[in-house]
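**Q**
There are 4 protein chains.
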Amino acid sequence: MKTIKAAIVGASGYSGQELIYLLSRHANVEITHLTSRQYAGKTVGEVFPRLQGLVGGMFVEPNADKIDTDVAFLALPHGVAVEYAPALLRKGIKVLDLSADFRLKSAETYKEFYEHEHPAPDLLKQSVYGLPELHRDKIRGAQLVACPGCYPTSIILGVAPALKKGLGKPDSIIANSLSGVSGAGRKVAEEYLFTECNESARAYGVPKHRHIGEIEQELSLLAGSSVTISFTPHLIPLNRGIISTIYMTLAKKSDDVLAVYRDFYKAELFVRVSASLPDTKNVQMTNFCDISVRVDSRTNRLVVVTAIDNLTKGAAGQAVQCLNIMYDYAEPIGIV
Amino acid sequence: MKTIKAAIVGASGYSGQELIYLLSRHANVEITHLTSRQYAGKTVGEVFPRLQGLVGGMFVEPNADKIDTDVAFLALPHGVAVEYAPALLRKGIKVLDLSADFRLKSAETYKEFYEHEHPAPDLLKQSVYGLPELHRDKIRGAQLVACPGCYPTSIILGVAPALKKGLGKPDSIIANSLSGVSGAGRKVAEEYLFTECNESARAYGVPKHRHIGEIEQELSLLAGSSVTISFTPHLIPLNRGIISTIYMTLAKKSDDVLAVYRDFYKAELFVRVSASLPDTKNVQMTNFCDISVRVDSRTNRLVVVTAIDNLTKGAAGQAVQCLNIMYDYAEPIGIV
Amino acid sequence: MKTIKAAIVGASGYSGQELIYLLSRHANVEITHLTSRQYAGKTVGEVFPRLQGLVGGMFVEPNADKIDTDVAFLALPHGVAVEYAPALLRKGIKVLDLSADFRLKSAETYKEFYEHEHPAPDLLKQSVYGLPELHRDKIRGAQLVACPGCYPTSIILGVAPALKKGLGKPDSIIANSLSGVSGAGRKVAEEYLFTECNESARAYGVPKHRHIGEIEQELSLLAGSSVTISFTPHLIPLNRGIISTIYMTLAKKSDDVLAVYRDFYKAELFVRVSASLPDTKNVQMTNFCDISVRVDSRTNRLVVVTAIDNLTKGAAGQAVQCLNIMYDYAEPIGIV
Amino acid sequence: MKTIKAAIVGASGYSGQELIYLLSRHANVEITHLTSRQYAGKTVGEVFPRLQGLVGGMFVEPNADKIDTDVAFLALPHGVAVEYAPALLRKGIKVLDLSADFRLKSAETYKEFYEHEHPAPDLLKQSVYGLPELHRDKIRGAQLVACPGCYPTSIILGVAPALKKGLGKPDSIIANSLSGVSGAGRKVAEEYLFTECNESARAYGVPKHRHIGEIEQELSLLAGSSVTISFTPHLIPLNRGIISTIYMTLAKKSDDVLAVYRDFYKAELFVRVSASLPDTKNVQMTNFCDISVRVDSRTNRLVVVTAIDNLTKGAAGQAVQCLNIMYDYAEPIGIV
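Residue numbers (our numbering), protein chains in the order written: chain A, 1 to 336; chain B, 1 to 336; chain C, 1 to 336; chain D, 1 to 336.
This is the structure in structure tokens:
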């Protein structure tokens, strides 16, 4: 297999660190370009003591003109990725963006949720939503992949079989999600201090979290009609992990919902459907999405519970999974 | 104010410990009888080093015949409290039971959720559900008070204004709750080991947790019709605290749902309605129930979020609040 | 008992919040003045949702000229307290300072550890080190009390009996301390983010932490000769609590070291000497210092372990204890 | 490279789980035999949901007679490993024991610390202490390797350069260690419940923890004379990780102690000496031992701080490292 050269742009946050770690272990990837405004001039080991002795290399100032790799991962804040992507794409570099900048197909939806005009609406048409379990074929040929957010991954994978197989009513979907604190990135703010998060559990972003846009986009595709959902994220004292508990009214009787889910994902390496309810600790630092499903016959509702690691299947791991698809590498390379 | 004598039966669990602590600080209560099968013969300070130097007294073997107090708190496992209550009641002792044994009015519902016949169905009629915000008057005259469970407290208080004021549709209620690990009591089981709970978040008891019975009983009373709900409890790595996020379809337009909630609880000391979303850390080791409410106009749903401390407002604190009502003490004595 | 008026200057950090909470419950204290540059114009309930419904009052801009209380607590950063104290003292207000500004008797030692000249060296002579167990009589008559740091409290109380009774060699003292993250205050810095502290344990400030100065000052007084110690603080994932494990070479054989410790503290309400090793969870949110002691006959060393809550006995609780002494209130008022 | 067959005996604890995980990823190892009394008949995925889809295989009842592999890892409780080892050794199987049964050279020392006669003292002479950084050559030719305990690994590696290079006085060593709760294994006991460990920090096993025996054995070898140490283990609320802070009186002036440490470990892949103080989060789920060292010129003491993951470098990872040495595999295979 040929080895490709990869750049990681904005590699100093938690997703960036995870990308460095995963790609440094990938048999077919060589990281040749690492950027960080904050850490330019420092080595990976200096910035991330955890990676000392494992990963070499030095951070440089971000500059799209100087990037000359086969592929570039953008681990930049929302709104910044869109500044770097066009120049890279023009050079023929494949771009895997971990921000929200290219996830929405519709510039209007983008404006609704992000409250400003999208600066490069043409690229929205070009980009592919990087959820391999739903869009593997499009990812294979894409030049610009918009990797899904962590909450959306956990919810879309949980709802997809029910909508696709007509088990659940599209207008009844309520997703209640719990996230570890790394979901907020390495943002230095009082609300993310240890003393403010430990022994704390709280909802936030009610009722209109930005991630709703991409979730509804994907669920609408699955349902074949416009889907609107309720979504409540919560912050809980974990480092890494998301649990999404999703409620839907049953559209029809099904003999065995679990069997439908198992069948739907039977070819998927990274989705584990089980009779047991998932637990974040079983997916932490893995690329798995664990799913279980229960029928509540008293209320005629379906309850789906999913668990992922927000930095792996919810960010860096999924990006590497997309990379493997784009380059026809075995899908688990570097992430199992 | 006269001082009363109190017994705590089964005082060796977390709720029992909390009761000892609260009652030892109560200006009008003297703890004169403490029982524990496991710790009989040991002092409070030996069993609970935290209380050393604060609370004296010694545990004795539980024996209803030897209890000769004004009031007895039962902090016993479900199914055991019902063995002790009748003898105490016959002696004229007021009983505040923290177990589930007397919470349900209907022996059939009891059988449905607890899977055996209720051993003393007559007492079900006599007992009063000890949620002061809804049943203060009945608690005042009660001899047997069945203190609500922790999940039920957090959910019923969150739903009550919406049902009572006709804001939410009774058949649309979904309650998604997160609990700290002390909710499982001091049960020594692998699933509650630190290493199994830390960095873990998981749903359990889906879809038919036992607490649903008492929740539906109380919500049906509020709605004036039979209510069936979906309820999913989750275990998260906190010591103490419950967050319940409750979804309801709006029954009508309301100009200001928050104002309705504020008005509903305006006379309640222990319910704090706020525009800000609640956080377990703000109620930990307090008897408060913090509530906030949001309208999701995109889906026409109401989202209510509540927070309590499962051992205080969800157990021992609420029991003391009931005691204060029964004896006409100022309601916050010993719990503020 | 007469009621006094108290000001809390700089009340927006964790120690300040704890002071507000404790003083609001104190039978003989009325908080009449609360300052915070950051929160001026906001109510206590707005700034600290935990205290909503419990404590009224509004923060004002800090201005020593406008303070007209009997007593003022300074919960200001090191170096700032010294700017406020002189004006307050001139007005005859009693000052309890929680910072390090007045803890050292020697201006030279201050310069050695804080690396600048002390701005008001005369006040160092006037101030009393507010550790009641050692300086109760001086505290009683003091106008300026310098409340000890959290690490020093946990170490000095652990070493005092051994030095005073000649059990341990003064030149052999090594103190190894573990602190919860609230010890760093509400400082918004990357190193204190949840994700950086959870699943993390680390030493810091090796080998010359600033607190060594006051520890050595007090230990030298106890030993009657100059004492130099080794001290290593560690940050561990707790909200509140300090464990100090202290090693000393035995100076002589002692029949029963534990008995010596028990005797030394027999009149102290807030020191609990026990054969069992202490645990932070037993002192959390209390003003107790738990101590146990073991002789290691293999190495001829004494091992003392102490536990306190850094915000209570290590800060706000101890300040209230000093207040009670200054005003001849019963020592546990407001802190038990 | 040839592939070897491995058995894991007693694979149901945390060390066993980690061994399964690491060996399943090892390029030259095939796990062909997994035993567990508790889980016989269940698959790896059923017992460890985390490993579902990653590792196949089924647990069988432990029976030394049925083991027919090249190598056997014993992840059994202390006192049980010694029952299995002799039969395996007689068959020519190489044994890597993770228990304490074969770590001590002296049967008398064993009796002193374990309080009973060693059942197979002859094997003590044969066994090699599996700390690669000190005994690589002996490990290479060993048939029975006694893998060190987690505390000993963290302490011996921290002290070795100082003793070997004569920097520290052998009679002055004090080791103060902090361990995550997985160090207690998956033992179901009240003291390890989440609610008893979270917000808790405590010393235990003072003053004579069993691990002292093997630590002193190895330090005495390094010093060339009998060494006696003080050692205090503490339990802190982490899943995985140990910090050891070690104090020694300087034996001589050294221009640059850090340079001595760097030089001592310059050929070691798994020891990272750094000017920065170590943090458990940087070694969690890795086989690294991070070390830093400081001179406290005020007290003439050396302070060494080390960090390891107790389940990796402190148990399973180190065992795999030994395996790699025994079979001449590249040392990092399967553990980087």
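Backbone N, C-alpha and C fix where the C-beta goes; we use that ideal spot for every residue, glycine too. In this text, all values refer to a predicted model and were calculated from it rather than measured experimentally.
For a contact meaning CB atoms closer than 9 angstroms, what does Asn310 of chain C contact in chain A?
**A** As a first step, residue 310 of chain C is located in the third sequence; it is residue number 310 there, counting from the start. None at all; the shortest Cβ gap to chain A is about 11 angstroms.
**Q** Determine, for Ser276 of chain B, whether the minimum Cβ-Cβ distance to residues of chain C falls below 8 angstroms.
**A** Walking along the second sequence from the start, residue 276 of chain B turns up at place 276. Answer yes: the Cβ-Cβ gap between Ser276 of chain B and chain C drops below 8 angstroms somewhere.
**Q** If we ignore side chains and look at the alpha-carbon of each, how far apart do His211 of chain D and Val303 of chain D end up?
**A** Position 211 of the fourth sequence holds residue 211 of chain D. Position 303 of the fourth sequence holds residue 303 of chain D. Taking the straight line from one Cα to the other gives about 21 angstroms.
**Q** Measure the Cβ-Cβ separation of Lys5 of chain D and Thr109 of chain D and say whether it is below 8 angstroms.
**A** Residue numbering aside, residue 5 of chain D sits at position 5 when the fourth sequence is read from its first letter. Residue numbering aside, residue 109 of chain D sits at position 109 when the fourth sequence is read from its first letter. Taking 8 angstroms as the Cβ cut-off, Lys5 of chain D and Thr109 of chain D do not qualify as a contacting pair.
**Q** Leaving out five residues on either side along the sequence, give the residues of the same chain with a beta carbon under 7 angstroms from the beta carbon of Gly16 of chain A.
**A** The residue you call residue 16 of chain A lines up with position 16 of the first sequence. Taken in chain order, the residues that qualify are Ile8, Gly10 and Ala75.
**Q** At least one CB of chain B closer than 8 angstroms to the CB of Met58 of chain C: is that the case?
**A** For the purposes of this step, residue 58 of chain C is taken as residue 58 along the third sequence, with counting starting at 1. No, its Cβ sits nowhere closer than 8 angstroms to a Cβ of chain B.
**Q** Answer with yes or no whether the minimum CB distance from Lys281 of chain D to chain C is below 8 angstroms.
**A** What you label residue 281 of chain D is simply residue 281 of the fourth sequence in a count that begins at 1. Answer yes: the Cβ-Cβ gap between Lys281 of chain D and chain C drops below 8 angstroms somewhere.
**Q** Does the CB of Arg140 of chain C have a neighbour CB from chain B at under 8 angstroms?
**A** Stepping through the third sequence from its first residue, residue 140 of chain C is reached at position 140. Not an interface residue.
**Q** Can you grab the Cα-Cα spacing for the pair Ala81 of chain C / Pro148 of chain C, in whole Å?
**A** As a first step, residue 81 of chain C must be located in the third sequence, where it is residue number 81. As a first step, residue 148 of chain C must be located in the third sequence, where it is residue number 148. Cα-Cα distance, rounded: 14 angstroms.
**Q** Which residue's Cα is closest to the Cα of Ala120 of chain C: C:Ala203, C:His209, C:Pro86 and C:Val271?
**A** Counting from one through the third sequence, the residue named residue 120 of chain C turns up at place 120. Taking only the C-alpha atoms, the option nearest Ala120 of chain C is C:Pro86.
**Q** I'd like to know if the stretch 248 to 258 of chain A and the stretch 167 to 182 of chain A are in contact, where contact means that at least 3 CB-CB pairs between them fall below 8 angstroms.
**A** A contact exists between the stretch 248 to 258 of chain A and the stretch 167 to 182 of chain A.
**Q** Go through the stretch 48 to 130 of chain B residue by residue and report every complete run of the alpha helix (DSSP H) that reaches 4 residues or more, in order.
**A** For the stretch 48 to 130 of chain B, whole alpha helix (DSSP H) runs of length 4 or above, ordered along the chain, are 81 to 90, 107 to 114 and 121 to 126.
**Q** For a contact defined as C-beta to C-beta under 9 angstroms, what are the partners of Leu178 of chain A on chain B?
**A** Translated into the one-based positions of the first sequence, residue 178 of chain A becomes position 178. Neighbours of Leu178 of chain A on chain B, chain order: Leu178, Ala201, His234 and Ile236.
**Q** Tell me which residues share the same chain as Leu178 of chain D and place their Cβ nearer than 7 angstroms to its Cβ, disregarding the 5 neighbours each side in the sequence.
**A** On the fourth sequence, position 178 is the one that residue 178 of chain D refers to. Cβ neighbours of Leu178 of chain D beyond the five flanking positions: His234, Ile236, Ile242 and Ile243.
**Q** What are the boundary residues of the beta strand (DSSP E) that Val295 of chain A is part of?
**A** Numbered from its first residue, the first sequence carries residue 295 of chain A at position 295. Cys289 to Asp296 is the extent of the beta strand (DSSP E) around Val295 of chain A.
**Q** Does the beta-carbon distance from Ala203 of chain D to Val206 of chain C come in below 8 angstroms?
**A** For the purposes of this step, residue 203 of chain D is taken as the residue at position 203 of the fourth sequence. For the purposes of this step, residue 206 of chain C is taken as the residue at position 206 of the third sequence. Result no, Cβ atoms of Ala203 of chain D and Val206 of chain C do not sit closer than 8 angstroms.
**Q** Is the beta carbon of Val159 of chain B sitting closer than 8 angstroms to the one on Leu96 of chain B?
**A** The count along the second sequence starts at 1 and reaches residue 159 of chain B at position 159. The count along the second sequence starts at 1 and reaches residue 96 of chain B at position 96. Cβ atoms of Val159 of chain B and Leu96 of chain B: not closer than 8 angstroms.
**Q** Report the neighbours of Val206 of chain A on chain B: residues whose CB is nearer than 8 angstroms to its CB, in chain order.
**A** For the purposes of this step, residue 206 of chain A is taken as residue 206 along the first sequence, with counting starting at 1. In chain order: Leu277, Arg294, Asp296, Val303 and Val305.
**Q** Mapping the DSSP letters down to three states, classify Leu323 of chain A as helix, strand or coil.
**A** For the purposes of this step, residue 323 of chain A is taken as the residue at position 323 of the first sequence. Helix at Leu323 of chain A.
**Q** Looking at the unbroken alpha helix (DSSP H) that takes in Glu191 of chain A, where does it start and where does it end?
**A** Sequence index remark: in the first sequence, residue 191 of chain A carries index 191 (1-based). Run containing Glu191 of chain A: none; DSSP gives neither H nor E here.
**Q** Determine, using beta-carbon pairs with one atom in the stretch 279 to 286 of chain C and one in the stretch 120 to 139 of chain C, whether at least three such pairs fall under 8 angstroms.
**A** Not touching, per the Cβ criterion.
**Q** Using Cβ-Cβ distances below 7 angstroms, what residues of the stretch 244 to 261 of chain A are close to chain B?
**A** Cβ contacts with chain B come from Thr245 and Tyr247.
**Q** Under the assumption that Val227 of chain A contacts Val257 of chain A (Cβ atoms under 8 angstroms), give the Cβ distance between them as a whole number of angstroms.
**A** Here residue 227 of chain A refers to the residue found at position 227 of the first sequence. Here residue 257 of chain A refers to the residue found at position 257 of the first sequence. With a Cβ gap of about 19 angstroms, Val227 of chain A and Val257 of chain A do not count as contacting.
**Q** Hey, is Arg50 of chain A's beta-carbon within less than 8 angstroms of any beta-carbon in chain D?
**A** Against the first sequence, residue 50 of chain A aligns to sequence position 50. With 8 angstroms as the cut-off, Arg50 of chain A counts as an interface residue toward chain D.
**Q** Using C-beta distances below 7 angstroms, list every residue in its chain close to Pro132 of chain B, excluding the 5 sequence neighbours before and after it, in chain order.
**A** Stepping through the second sequence from its first residue, residue 132 of chain B is reached at position 132. Ile139, Gln321, Cys322 and Ile325, listed in sequence order.
**Q** Where does the unbroken alpha helix (DSSP H) through Thr280 of chain A begin, and where does it stop?
**A** Sequence index remark: in the first sequence, residue 280 of chain A carries index 280 (1-based). Segment Thr280 to Val283, the alpha helix (DSSP H) holding Thr280 of chain A.
**Q** Let me see if you follow: with CB-CB separation under 8 angstroms, is Met285 of chain C close to chain B or not?
**A** Position 285 of the third sequence, counted from the first residue, corresponds to residue 285 of chain C. It does: the Cβ of Met285 of chain C has a partner Cβ on chain B nearer than 8 angstroms.
**Q** Decide yes or no for the touch test of the stretch 58 to 72 of chain C against the stretch 28 to 47 of chain C: beta carbon pairs closer than 8 angstroms, at least 3 of them.
**A** With a cut-off of 8 angstroms, the stretch 28 to 47 of chain C and the stretch 58 to 72 of chain C count as touching, because enough Cβ pairs lie within range.
**Q** Roughly how many angstroms separate the alpha carbons of His78 of chain A and Leu98 of chain A, rounded to a whole number?
**A** Locating residue 78 of chain A in the first sequence gives position 78, where the first residue counts as 1. Locating residue 98 of chain A in the first sequence gives position 98, where the first residue counts as 1. Taking the straight line from one Cα to the other gives about 9 angstroms.
**Q** For Ala100 of chain A, which option in A:Ala146, A:Ile67, A:Glu83 and A:Gly45 has the closest C-alpha, if you only look at C-alpha atoms?
**A** For the purposes of this step, residue 100 of chain A is identified with residue 100 of the first sequence, where counting begins at 1. Taking only the C-alpha atoms, the option nearest Ala100 of chain A is A:Ala146.
**Q** Along the chain, where does the beta strand (DSSP E) containing Leu250 of chain A start, and where does it finish?
**A** Here residue 250 of chain A refers to the residue found at position 250 when the first sequence is read from its first residue. Neither: Leu250 of chain A is in no beta strand (DSSP E) and is coded neither H nor E.
**Q** Arg50 of chain C: which of C:Tyr14, C:Leu157 and C:Ser274 sits nearest, CA to CA?
**A** Here residue 50 of chain C refers to the residue found at position 50 when the third sequence is read from its first residue. The option with the nearest alpha carbon to Arg50 of chain C is C:Tyr14.
**Q** Which residues mark the beginning and the end of the alpha helix (DSSP H) in which Glu30 of chain D is found?
**A** Locating residue 30 of chain D in the fourth sequence gives position 30, counting from the first residue. Careful: Glu30 of chain D lies outside any alpha helix (DSSP H), inside the beta strand (DSSP E) at Val29 to Thr35.
**Q** Taking 8 angstroms as the cut-off, does the stretch 179 to 194 of chain C touch the stretch 258 to 278 of chain D (at least 3 CB pairs, one atom from each stretch)?
**A** Because the criterion of three Cβ pairs below 8 angstroms is not met, the stretch 258 to 278 of chain D and the stretch 179 to 194 of chain C do not touch.
**Q** Determine the direct distance from the alpha carbon of Gly45 of chain D to that of Gly53 of chain D, and round the result to whole angstroms.
**A** Sequence index remark: in the fourth sequence, residue 53 of chain D carries index 53 (1-based). Sequence index remark: in the fourth sequence, residue 45 of chain D carries index 45 (1-based). If you take the alpha carbons of Gly53 of chain D and Gly45 of chain D, they lie about 7 angstroms apart.
**Q** Cα separation between Leu238 of chain A and Glu83 of chain B?
**A** Here the question's residue 238 of chain A lines up with position 238 in the first sequence. Here the question's residue 83 of chain B lines up with position 83 in the second sequence. Going from the Cα of Leu238 of chain A to the Cα of Glu83 of chain B covers about 41 angstroms.
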